[in-house]
Each structure stands twice: as structure tokens, then as C-alpha cells.
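All remarks here apply to the structure that follows.
In C-alpha cells form, the structure reads like this:
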């Protein structure tokens, strides 16, 4: 009797052990490190950005990962949009999580990690446009969008054609030296104007504080110099101060061109309503979150209804979705190529470089992406979307406007 | 020439705004010998009080602004009661360390109470500038400049010619001596913090009128620091002059040097002035010279 009990116990233990190891083989687990900014300058958009990252991982685990035998976990870290903070966090992230891919927030992540990631063999996917200072071959950091200069150039060409402007479009830039990314943005615009003198003329770059005091004098000078578009791809505060200056000067015919992180919805809220930005534009190489029924909007709705995501339909959401989808599609391609239990950071990077991501795979959030070893972003075939405020309504005015060629700076 | 005049006037008015914020440093320092590193955070708190009263609560400006001042004064008094009333007689170093903690605390408090979103600040002063020929004068800065001059002269008179002001000066000299003379150190310091919070709220109204507000607006405190150092931490009237100097120099450098070198020299220049002052005359232009018996 005693022997029978011992036998049953041993048999049960063996079965349990077998089930446990068998389960581990059935679903390999990999981690994504999600660098966020909960207490820095972009804290206001983090609820949607970080929320959409988590929801996309939930969706992928349920609808893709299960079939592949792969489960992905994600953990947030507060980088505070500060290169020093991110550099100090990274060794802990690596030790704790050993991620196969990192999701970055902005320029400070790139500045802090671009020298380390090739050695650590972990790729990073950004949500933002690319940076000139990171435009190098053999990338470990990838942007699903071209540089801000490229995106601005695409807008200038579209706007010039729309307005039937014969000479070069006179562009003024309001920028700041508060962040390496801001400097890179205006350098990209300078380079575009230099490479395309018949299409754009840079009348002046105005340097301001992150929270400008008053820009009436500076904007008045830009008006006198004949600026036809004011480019602000830095932050919301600069958009608000410039808008107030234009209103003070009674100028309604000079549009402001914004980017994704300081776009119409965010800047509209800060100015006192979307109608304040009537006739201004935003441009970026990903879906525009208007109310229209589109593939990207349907995907966000699915995340909300089926995966209980607490996210709005905002530009920050689109940013979170775009980078997480690229990361997950790369993990998916790596798992298919190397086997579900052999995915490493190196394998994910190899998949990004060798396996194009079709626009359908991102539900139309991004155009077709084909990375090469030459740059951190696809150097051909990219497009941008352009939105404006028309009769008080947030409206897409250009879908898939081509991105011009700009040489490295 | 017109451009030069525009930059000169605009620079002078921005400098007066810096001077108003710098007065917050000076008032607290003159009454308690505390260099309040969290001055910029007081500006943000005052700004959020104005935003909350007018935008969130929907109160008319005539009601909302005075209530915002009351809330800011209560906040200043609370800071004094919770932190500084316990530090009477302690070293200056301890007090400065507390202000560093205060900076982090207020920033956290603002994030918890109001969140990180960028908020539209109400338009307190008309947006349309005054136009004199080709010269543009932003109304918010012009009215702000006039308010700053009146406030500076008023406070200067208060500290130099009233009993309360002179008592506060005595407190700044030495807490123990002030106590032995029958002066209430706690009351003086409380009054200084209430005054500091009031000036910060006034600064927020002028700085942010019609613009946007979030916790990063505290950077104005850093921009005002060179003004306070140039003037010397004890002179309120000196702050007005120092503000004009820093603002004009910054305005002209921004207009003429920045485009030439392709960089924001203008925002660095005030800090170069600050470093130069610390090397040449650490007490500032109008700071008190102290004679120590050895």
C-alpha cells in the first residue's frame, strides 16, 4: 500500500514536471523594454503612447503569438526624456529584463543608447521621425518614419503645388537648442533648403526657450522677411506662442506646420480649441487620427473594445501603435526564421533588415517599410500624411504625399 | 535702426519680467536668508491657481485672479509653517537643502494635482500689440513692465521705510539677534513666503497671459536667477536695473548674434553674465557688503 502511494506520488510529480517543461517549450517568452516619459516634457502624451504599446502587445499575444508559440511581455521605464537618466537606467533594464527589443520615446533615448546597443545586441524601435545625428549605416536603432527634415520637405513640396507657388516657398523655422533632437530638426530643414533651392528658401531660424516668453517681435521680423510657412517641429508651447504672435499681428495667411508630438490636437488644446489653428497643418509619416473610419482607427477601436485598452484616438496612440507593431512584426519574422525558442535581439534586428513590413501588417498605420543597412529608416518609398483644421474640423488633406530625397547632414 | 529699437524695447520688457520673478528670490532672501531654489515652481503653482480659477472653475477674472492670489498666499504660508518654522536658527545650508526638496515636492504636487498636460492660460492682457510706426510693443509685457516697476519701488520703500520691512531685514541679518530684540522671526519669514508666492503668481500672469501652461513653465525661475545675482540678493530696486541689463543684452544678442553663429547664444548669455558677476563681485551690483569681526 505504501509502495503504491509512493509510486503514485512519483508518477504525479513526473507528469507535473513533464507538463511544466512541455508548457515552456510550447510558448517561449520574450521581453520588450518600453522607455517612456512620465515626468518629463512629453509626460502629457504618455498615457496614450504607453497604453497603446501595452494594448498592442496584448493583441499580438492573443492573435499572433499563440499560434507561433511566443509570448511577449512589456515593462515601462521612465526615461524622463533625459539622456543621462536613460543611460543610467539601461544597465538595470538589461540585467532585469534582458529585452529582445526596446521601444524608444525620442532623441535622448537615441543619444544615450546608440553607442551601446550594437555591443549589447539589442535593437531599439522609435515612434518618431529619424534623426540626422543617428543617420549611419549598420543601425541598431530604427525609425518607421524618415527624418523631420524629410517630413517637412514633403509638406513644402505638397503645399507649394497646392498654392501654385512658382518660386521657392519661403520657410521660417522656430526652433530651440534645448535638445539635440530640436537642433537636428532645423538642421534637416536647412539641408532640404540647400539641396532644393528652387523649392524652398529658409528665411530664418528663430531660437527660443522651451517655454517662450513672447515671440511677437521675432514673428513680426519673419513676416517682414516674407515667410510663407512657419515650421515648428519642437513643442506645443512654441506653437502657442507663435500663434498668439500671429494673431497679435493680425496675420492669418501664414500657416504653422507642426509635427506629430506637437500636432494640431495637442497644440489646439493648449491654444484654447482646435478652431484657433484653422488653416494650420501637421505632417508625419504615419496615420492621422481623425474621426474618419479607417484601418488604423478600426484597429484602435478593436484594442479598446476587445483588449480593454484605455487609450484615446490621438497622435500619441498612433505613435505607440506604429513602433510596437514594427517591433512585434520583427519578433514574428524572427520567430518564423529562427524558431520560436531562439529569438534574440540580434535575430530581431536581422528580421527588421531582411523582412519588409507591408502596410497591411500595420493596419495602414505606416506605409510599406523596407529597411536597409544604410540608414535607420527606409530610404525610399516613404510617404507622409498631412492634416489641417478646416471649418473647425480636423481633416486629412493629403494621403501618401511622397517624401523627397535629402542627402545626409 | 527700427529693428534695433524693437529688440531694445522688447528686451527691456522681458528683462522686467525676469526682474519680477527675481523679486521673489530677493524678498524671501531679505527676510529669511533663504535662497529659494524652488522659485520657478512657485510661479507654476501660481499659474495653475489662475488657470484653475478662471478656466476650470469658470470664474470671471475679477473674482478668479484675487482668489488665485489668496490660494498662492495660503500655499506660501503652508510652506513656511510645514518646513521653515521648524528651521529657525538653523544653518543657511539646511534651509537651502530644504528648498531643493521643496522644488521636487512642488513639481510632483503639480503633476499629481493638475497632470502633465499643456493647458491654455487665459488671455489676461489684450493680445494686440501697441504699434507706434514700425515699433511693436506687446501689451502683456508693457503692462507687466509697468506693474514690475511699481511693485519694485513699492517693495523697496516697504523694506527700507516701514517698521515691518525693517524687522524683516533684521531677521535676515541674524535670527538669534532678531529674537533677542523681540522680533517674531516666524512671522517675518511667513510674511516673506506669502509675499514671494504673491510675486510668483503675478509673474505667472504676465509671463503666461494667452500662452500655455504646464510644469515646465518653472524654467522662468532659472532665467531670472542671473538677474537676482547681478543685482545682489538684498536690493529690490537693484533688481529692476539688473533685469533691464540682462533683458536688453539677451534681446540684442538673440537678434544679432544668434543668426550669425547659428545657435542660441542669447539664452546662454545671461548665465555668462551671472558667472562673471560671481567672479568679479560675488555680492552683486547692489548686494550688502558684510563686515565680519574676526
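Chains as they are written, first to last, in the numbering used here: chain A, 1 to 409; chain B, 410 to 703. Every residue gets a Cβ at the ideal spot worked out from N, C-alpha and C, and that includes glycine.
Counterpart residues of residue i in DSSP-defined beta bridges
i                      : result
residue 387 of chain A : A/282, A/396
residue 102 of chain A : A/33, A/124
residue 621 of chain B : B/529
residue 630 of chain B : According to DSSP, which records beta bridges pairwise, residue 630 of chain B is partnered with nothing at all.
residue 130 of chain A : A/147
residue 170 of chain A : A/201
residue 258 of chain A : A/282
residue 402 of chain A : A/383
residue 70 of chain A  : A/28
residue 206 of chain A : A/174
residue 719 of chain B : Coverage of chain B is limited to positions 410 through 703, which leaves residue 719 of chain B absent and any answer about it impossible.
residue 357 of chain A : A/369
Helix, strand or coil at residue i [DSSP, three-state]
i                      : result
residue 76 of chain A  : strand
residue 200 of chain A : strand
residue 683 of chain B : helix
residue 319 of chain A : helix
residue 410 of chain B : coil
residue 22 of chain A  : Bear in mind that a pLDDT of 44 at residue 22 of chain A, under 50, signals an unreliable position, so the model cannot answer this.
residue 369 of chain A : strand
residue 175 of chain A : strand
residue 604 of chain B : helix
residue 182 of chain A : helix
residue 415 of chain B : helix
residue 515 of chain B : helix
residue 407 of chain A : coil
residue 541 of chain B : strand
residue 523 of chain B : helix
residue 534 of chain B : coil
residue 141 of chain A : strand
residue 135 of chain A : coil
residue 696 of chain B : coil
residue 300 of chain A : helix
residue 158 of chain A : helix
residue 293 of chain A : coil
residue 164 of chain A : coil
residue 498 of chain B : coil
residue 90 of chain A  : helix
Of the listed residues the options, nearest to residue i (C-alpha basis)
i                      : options                    : result
residue 99 of chain A  : A/349, A/249, A/366, A/397 : A/349
residue 55 of chain A  : A/42, A/38, A/67, A/73     : A/73
residue 230 of chain A : A/201, A/396, A/406        : A/201
residue 196 of chain A : A/408, A/404, A/96         : A/404
residue 225 of chain A : A/238, A/203, A/233        : A/203
residue 440 of chain B : B/592, B/649, B/427        : B/592
residue 663 of chain B : B/627, B/650, B/679        : B/679
residue 562 of chain B : B/517, B/647, B/512        : B/647
residue 372 of chain A : A/30, A/241, A/143, A/61   : A/143
residue 551 of chain B : B/640, B/421, B/689, B/684 : B/421
residue 123 of chain A : A/351, A/132, A/387        : A/351
residue 661 of chain B : B/505, B/675, B/517        : B/675
residue 370 of chain B : B/459, B/577, B/428        : The first residue shown for chain B is 410 and the last is 703, placing residue 370 of chain B beyond what the model contains.
residue 315 of chain A : A/268, A/114, A/241        : A/268
residue 191 of chain A : A/145, A/31, A/151, A/162  : A/151
residue 36 of chain A  : A/29, A/264, A/48          : A/48
residue 51 of chain A  : A/324, A/358, A/244, A/375 : A/324
residue 156 of chain A : A/141, A/189, A/133        : A/189
residue 529 of chain B : A/261, A/132, A/223, A/265 : A/265
residue 251 of chain A : A/232, A/259, A/278, A/397 : A/278
For residue j and residue i, believed in contact at Cβ under 8 Å, the rounded distance
i                      : j                      : result
residue 598 of chain B : residue 616 of chain B : With 8 Å as the limit, residue 598 of chain B and residue 616 of chain B do not qualify as a contact, their Cβ atoms being about 26 Å apart.
residue 108 of chain A : residue 83 of chain A  : 4 Å
residue 462 of chain B : residue 481 of chain B : Wrong, their Cβ atoms sit about 11 Å apart, outside the cutoff.
residue 280 of chain A : residue 527 of chain B : Not confirmed; about 16 Å, so no contact.
residue 618 of chain B : residue 534 of chain B : 5 Å
residue 42 of chain A  : residue 105 of chain A : 7 Å
residue 656 of chain B : residue 692 of chain B : With 8 Å as the limit, residue 656 of chain B and residue 692 of chain B do not qualify as a contact, their Cβ atoms being about 22 Å apart.
residue 176 of chain A : residue 209 of chain A : 7 Å
residue 387 of chain A : residue 394 of chain A : 6 Å
residue 238 of chain A : residue 219 of chain A : That belief does not hold up - the Cβ atoms of residue 238 of chain A and residue 219 of chain A are roughly 11 Å apart, past 8 Å.
Every unbroken alpha helix (DSSP H) inside the stretch 441-474 of chain B [4 residues or more]: 448-460
Complete alpha helix (DSSP H) runs within the stretch 544-597 of chain B (minimum length 4 residues, chain order): 548-570, 572-582, 584-589
Secondary structure, alpha helix (DSSP H): runs of 4+ residues fully inside the stretch 211-271 of chain A: Segments of the alpha helix (DSSP H) lying fully in the stretch 211-271 of chain A: 216-224, 236-248, 264-271.
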